[in-house]
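In the UniProt record's numbering, the protein residues as written are 1 to 114. Worksheet: one structure, shown below.
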(Lines of atoms letter the chains of each structure in order from A; the text may use other names.)
(Lines give C-alpha, C1' and ligand atoms only; values in the text may rest on other atoms or scores of the structure.)
Protein backbone atom coordinates (compact mmCIF):
# COMPACT_ATOMS: atom_id res chain seq x y z
CA UNK A 1 0.00 0.00 0.00
CA UNK A 2 1.09 3.55 -0.63
CA UNK A 3 0.57 6.25 1.96
CA UNK A 4 1.51 9.89 1.42
CA UNK A 5 1.50 12.80 3.84
CA UNK A 6 0.78 15.60 1.38
CA UNK A 7 -0.95 16.31 -1.90
CA UNK A 8 1.04 14.80 -4.75
CA UNK A 9 0.43 13.69 -8.30
CA UNK A 10 1.09 10.01 -8.78
CA UNK A 11 1.46 8.59 -12.25
CA UNK A 12 0.27 5.12 -12.97
CA UNK A 13 0.19 3.31 -16.27
CA UNK A 14 -2.64 0.93 -17.13
CA UNK A 15 -2.65 -0.63 -20.59
CA UNK A 16 -0.17 2.00 -21.72
CA UNK A 17 -2.39 4.89 -20.64
CA UNK A 18 -1.17 7.38 -18.09
CA UNK A 19 -3.50 7.89 -15.13
CA UNK A 20 -2.84 10.74 -12.70
CA UNK A 21 -4.04 10.04 -9.19
CA UNK A 22 -4.32 12.70 -6.52
CA UNK A 23 -3.60 11.67 -2.95
CA UNK A 24 -4.57 13.63 0.10
CA UNK A 25 -4.35 13.24 3.85
CA UNK A 26 -7.88 11.84 3.82
CA UNK A 27 -7.64 8.07 3.61
CA UNK A 28 -10.73 5.94 3.18
CA UNK A 29 -10.22 2.19 3.24
CA UNK A 30 -12.69 -0.36 1.91
CA UNK A 31 -13.76 -2.49 4.87
CA UNK A 32 -16.47 -4.50 3.16
CA UNK A 33 -15.44 -7.80 1.65
CA UNK A 34 -13.68 -8.03 -1.69
CA UNK A 35 -16.55 -9.81 -3.41
CA UNK A 36 -18.86 -6.88 -2.63
CA UNK A 37 -16.45 -4.40 -4.18
CA UNK A 38 -15.93 -6.57 -7.26
CA UNK A 39 -19.72 -6.75 -7.62
CA UNK A 40 -19.90 -2.95 -7.58
CA UNK A 41 -17.02 -2.54 -10.03
CA UNK A 42 -18.54 -4.86 -12.62
CA UNK A 43 -21.90 -3.07 -12.28
CA UNK A 44 -20.23 0.36 -12.64
CA UNK A 45 -18.33 -0.83 -15.72
CA UNK A 46 -21.45 -2.28 -17.36
CA UNK A 47 -23.42 0.94 -16.79
CA UNK A 48 -20.49 3.05 -18.02
CA UNK A 49 -19.99 5.11 -14.87
CA UNK A 50 -16.35 6.03 -15.57
CA UNK A 51 -14.88 8.09 -18.41
CA UNK A 52 -18.22 8.21 -20.24
CA UNK A 53 -18.22 4.42 -20.49
CA UNK A 54 -14.72 4.23 -21.95
CA UNK A 55 -12.94 2.79 -18.88
CA UNK A 56 -12.42 -0.96 -18.95
CA UNK A 57 -12.52 -3.34 -15.99
CA UNK A 58 -8.73 -3.44 -15.65
CA UNK A 59 -8.51 0.36 -15.46
CA UNK A 60 -11.38 0.65 -13.00
CA UNK A 61 -9.99 -2.08 -10.74
CA UNK A 62 -6.51 -0.51 -10.75
CA UNK A 63 -7.97 2.86 -9.76
CA UNK A 64 -10.34 1.49 -7.10
CA UNK A 65 -7.56 -0.60 -5.53
CA UNK A 66 -5.55 2.56 -4.96
CA UNK A 67 -8.45 4.75 -3.87
CA UNK A 68 -9.76 2.22 -1.33
CA UNK A 69 -6.40 0.78 -0.23
CA UNK A 70 -7.24 -2.80 -1.21
CA UNK A 71 -5.79 -5.55 -3.38
CA UNK A 72 -8.61 -7.29 -5.25
CA UNK A 73 -6.36 -10.07 -6.50
CA UNK A 74 -7.91 -12.21 -9.25
CA UNK A 75 -11.06 -10.11 -9.63
CA UNK A 76 -12.14 -11.97 -12.79
CA UNK A 77 -12.12 -15.27 -10.88
CA UNK A 78 -14.18 -13.59 -8.16
CA UNK A 79 -16.64 -12.41 -10.82
CA UNK A 80 -16.90 -15.94 -12.24
CA UNK A 81 -17.67 -17.28 -8.76
CA UNK A 82 -20.35 -14.61 -8.33
CA UNK A 83 -22.08 -15.84 -11.47
CA UNK A 84 -22.55 -19.25 -9.82
CA UNK A 85 -24.14 -17.92 -6.61
CA UNK A 86 -27.82 -18.37 -5.86
CA UNK A 87 -28.09 -14.60 -5.45
CA UNK A 88 -25.70 -13.32 -8.10
CA UNK A 89 -26.01 -9.68 -7.02
CA UNK A 90 -26.38 -10.09 -3.27
CA UNK A 91 -24.53 -6.88 -2.36
CA UNK A 92 -26.43 -4.75 -4.86
CA UNK A 93 -29.68 -6.19 -3.48
CA UNK A 94 -28.50 -5.33 0.05
CA UNK A 95 -27.67 -1.77 -1.02
CA UNK A 96 -31.04 -1.29 -2.70
CA UNK A 97 -32.87 -2.51 0.40
CA UNK A 98 -30.78 -0.32 2.72
CA UNK A 99 -31.33 2.82 0.64
CA UNK A 100 -35.07 2.16 0.30
CA UNK A 101 -35.29 1.59 4.07
CA UNK A 102 -33.48 4.86 4.73
CA UNK A 103 -35.85 6.77 2.45
CA UNK A 104 -38.88 5.08 4.02
CA UNK A 105 -37.66 6.00 7.52
CA UNK A 106 -37.16 9.61 6.45
CA UNK A 107 -40.65 9.75 4.96
CA UNK A 108 -42.14 8.32 8.16
CA UNK A 109 -40.31 10.87 10.31
CA UNK A 110 -41.42 13.76 8.07
CA UNK A 111 -45.04 12.58 7.93
CA UNK A 112 -45.42 12.17 11.69
CA UNK A 113 -47.92 14.74 12.92
CA UNK A 114 -47.39 16.40 16.31
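Even glycine gets a Cβ: it sits at the ideal position worked out from N, Cα and C.
Locate the alpha helix (DSSP H) running through residue i, then write down its first and last residues.
i: residue 41; result: 34-47
i: residue 92; result: 90-110
With C-beta atoms as the reference, is residue i less than 8 Å away from residue j?
i: residue 82; j: residue 35; result: yes
i: residue 60; j: residue 41; result: yes
i: residue 72; j: residue 106; result: no
i: residue 39; j: residue 92; result: yes
Quick check: what's the CA-CA separation for residue i versus residue j?
i: residue 96; j: residue 87; result: 14 Å
i: residue 45; j: residue 94; result: 19 Å
i: residue 75; j: residue 101; result: 30 Å
i: residue 50; j: residue 57; result: 10 Å
i: residue 70; j: residue 53; result: 23 Å
i: residue 1; j: residue 85; result: Because residue 1 carries a pLDDT of 43, less than 50, the predicted location of this residue cannot be relied on, and no value is offered for it.
i: residue 90; j: residue 103; result: 20 Å
For residue i, does the three-state DSSP call read helix, strand or coil?
i: residue 73; result: coil
i: residue 62; result: helix
i: residue 79; result: helix
Considering only the alpha carbon of each residue, which of the options lies closest to residue i?
i: residue 67; options: 111, 30 and 110; result: 30
i: residue 116; options: 33, 103 and 109; result: Since the first residue of the chain shown is 1 and the last is 114, residue 116 is not available in this structure.
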